[in-house]
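Under my numbering, the first residue of the sequence shown is numbered 908, with each subsequent residue one higher. One structure is given here, and the rest of the page talks about it.
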Amino acid sequence: MFDCAKCGVYACYKNERGKLPQNCPMRTCPDLFEEAAAIYQQEDMGKLAVCSARVEAGGYGVWPRVREVMEFSKLCGFNKLGLAFCVGLRREALEVAKIFENSDFTVISVMCKTGSRPKEELGIKDEEKVRPGQFEAMCNPIAQALLLNKANTDLNVLLGLCVGHDSLLIKHSNAPVTVLAAKDRATGHNPLAAVYATHYFQKKLK
Ligand code: SF4
908 MFDCAKCGVY ACYKNERGKL PQNCPMRTCP DLFEEAAAIY QQEDMGKLAV CSARVEAGGY
968 GVWPRVREVM EFSKLCGFNK LGLAFCVGLR REALEVAKIF ENSDFTVISV MCKTGSRPKE
1028 ELGIKDEEKV RPGQFEAMCN PIAQALLLNK ANTDLNVLLG LCVGHDSLLI KHSNAPVTVL
1088 AAKDRATGHN PLAAVYATHY FQKKLK
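See the structure below:
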């Protein structure tokens, strides 16, 4: 199957079609790339792709991601931004909302604990909670998505949602989704720290 991670040749990147590995998808699934190309021809998909490429080149290595989100939104004509954030990043959410609003975006923000439904509702046992014996509101990414859908957001920006909760939100969001920051409680929300410093994180990676 596809294993680009172990390619080492990266002939696609260098446009060296004569050097494609045997299991390269460009060799084994040529029709699929035509299928993808046809999808980019759809107006909404093409717009996302073109604006992404323009932002990539426009601020390459200079714009922080929060600026890229805004530049991308402006190019796409997105004015109403959904901000789906984690309770653990509520201070950051306030700052991000201000940054967006200072650039004239309308921000609709929804925190993960919205609804205040007990984790027990999902079948979580008391001993499985972070703090057994106490009320713990479940993270509610589906409600976050439905609320943002109700607000008709143009783009939903994820800020620090947990692994899996982000999957649920992405699955239920009507608007396109981008991630401003990924939750990683062990690294100050810098997941690649554990990849760059495997010697340090070794014992924590299994
Ligand atoms: S698409 Fe082909 S050439 Fe490109 S990284 Fe994957 S295996 Fe390598």
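All residues carry an ideal CB built from backbone N, CA and C; glycine is no exception.
DSSP three-state assignment for residue i, whether helix, strand or coil
i            : result
residue 992  : strand
residue 1013 : strand
residue 1055 : helix
residue 1098 : coil
residue 1037 : coil
residue 939  : helix
residue 1025 : strand
Sequence-distant residues of the same chain with beta carbon closer than 7 Å to residue i, five excluded per side
i            : result
residue 975  : 962 and 966
residue 910  : 930
residue 919  : 933
residue 1046 : 1019, 1020, 1069 and 1072
6 Å Cβ shell around residue i - same chain, five flanking residues per side excluded
i            : result
residue 1035 : none
Burial state of residue i (16 or more Cβ within 10 Å)
i            : result
residue 1070 : exposed
residue 1007 : buried
residue 968  : exposed
residue 977  : buried
residue 1064 : buried
Cβ-Cβ separation, residue j to residue i (assumed contact under 8 Å), whole Å
i            : j            : result
residue 1048 : residue 1075 : 4 Å
residue 1056 : residue 1080 : 7 Å
residue 1066 : residue 993  : 7 Å
Inter-residue Cα distance where the pair is residue i and residue j
i            : j            : result
residue 1031 : residue 1111 : 25 Å
residue 1068 : residue 1017 : 11 Å
residue 972  : residue 1027 : 37 Å
residue 1090 : residue 949  : 33 Å
residue 942  : residue 936  : 10 Å
residue 981  : residue 1041 : 44 Å
8 Å Cβ cutoff, residue i in contact with chain C
i            : result
residue 1074 : Here there is only one protein chain, and chain C is not present.
Beta-carbon proximity list for residue i, same chain, < 8 Å, skipping 5 on both sides
i           : result
residue 955 : 983 and 1083
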